[in-house]
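Residue numbers (the numbering used here): 14 to 247. Note that the Cβ used here is the ideal one computed from N, Cα and C, for glycine as well. Every value quoted in this text rests on a predicted model; they were computed, and no experiment measured them. Contents: one structure, followed by commentary.
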Ligand SMILES: [Zn+2]
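What follows is the structure in structure tokens.
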């Protein structure tokens, strides 16, 4: 199990000290094992990072699982996504996702409620997917137009905080999501699946790998959204 960087904040001096595990940035998903989030509030309002458990808690709620790039595995242990699907299947999965997400979120009373402290609401996951696919398309464009530039890591929690996902409209998120899906699919259909680029952490990555990775994000967070909408109010 990977525990990330553990640090004590204000132990013995400040009220409400926190034991915190810093989640790795987005492109650390390739690390084996799971990182576990313990508690996570510091700073002012909105300064909340999202944790990672990946298991059902005693009260029946589900917690966000840190997504990982696991091409060596056959399936994701949680959402059962197949890591061996073909690029065309990845494109089809992403292409068909806007109506699925809309059917979950439109009219949902708890779309903006967090199912547990530190766990993203369905709307926050939706906005996360908007950024996942926008960045994923940019990565595919990097392969197509300037592969020597390589692709850097990005920090999903930092982006969520500066974008203030929690204050954004889920209705607008669905419109934005449909737009980025259209752009992502159009680009994915033009980039040769075998063309590659160097990822800052995970080494050589093909366009097919990026498509599969993005498709997993969509499938896995669709599950997270379903869990969030089913959870009990806290
Ligand atoms: Zn998964």
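- Around residue 231, the same chain offers 106, 107, 110 and 142 as residues with beta carbons nearer than 7 Å, after the five sequence neighbours per side are excluded.
- Under the three-state reduction of DSSP, residue 98 is assigned to coil, being neither helix nor strand.
- By the Cβ criterion, the stretch 153-163 is in contact with the stretch 190-203, since at least three pairs of Cβ atoms, one from each stretch, lie closer than 8 Å.
- Residues of the same chain with a CB within less than 6 Å of the CB of residue 126, apart from the 5 flanking positions on each side, are 134 in chain order.
- Under DSSP, residue 209 shares a beta bridge with 219.
- DSSP places residue 88 within a strand segment (E or B) once states are collapsed to three.
- Placement of the Cβ of residue 228 at a distance of 7 Å or more from every heavy atom of ligand 1 is found.
- Between residue 237 and the set 104, 185, 124 and 170, the nearest pair of CA atoms involves 124.
- When the five nearest sequence neighbours on each side are left out, the beta carbons in the same chain lying within less than 7 Å of the beta carbon of residue 88 are those of 94, 95 and 96, in order along the chain.
- For the set 220, 160, 139 and 166, the Cα lying nearest the Cα of residue 214 is the one of 166.
- In this structure, ligand 1 has a non-hydrogen atom nearer than 7 Å to the beta-carbon of residue 91.
- Distance from the CA atom of residue 120 to the CA atom of residue 129, rounded to whole angstroms, is 21 Å.
- For residue 164, the pairing in a beta bridge is given by DSSP as 212.
- Beyond the five residues adjoining it in sequence on each side, residue 225 comes within less than 8 Å, by CB distance, of 84, 96, 98, 100 and 103 in the same chain, given in chain order.
- Nearest to residue 211 by C-alpha distance, out of 159, 144 and 91, is 159.
- Taken in chain order, the complete alpha helix (DSSP H) segments of 4 or more residues contained in the stretch 100-146 are 100-108 and 110-118.
- A distance below 8 Å between beta-carbons, with the five flanking residues on each side excluded, links residue 194 to the following residues of its chain, in chain order: 107, 108, 110, 111 and 146.
- Relative to ligand 1, even the nearest heavy atom lies 7 Å or more away from the CB of residue 180.
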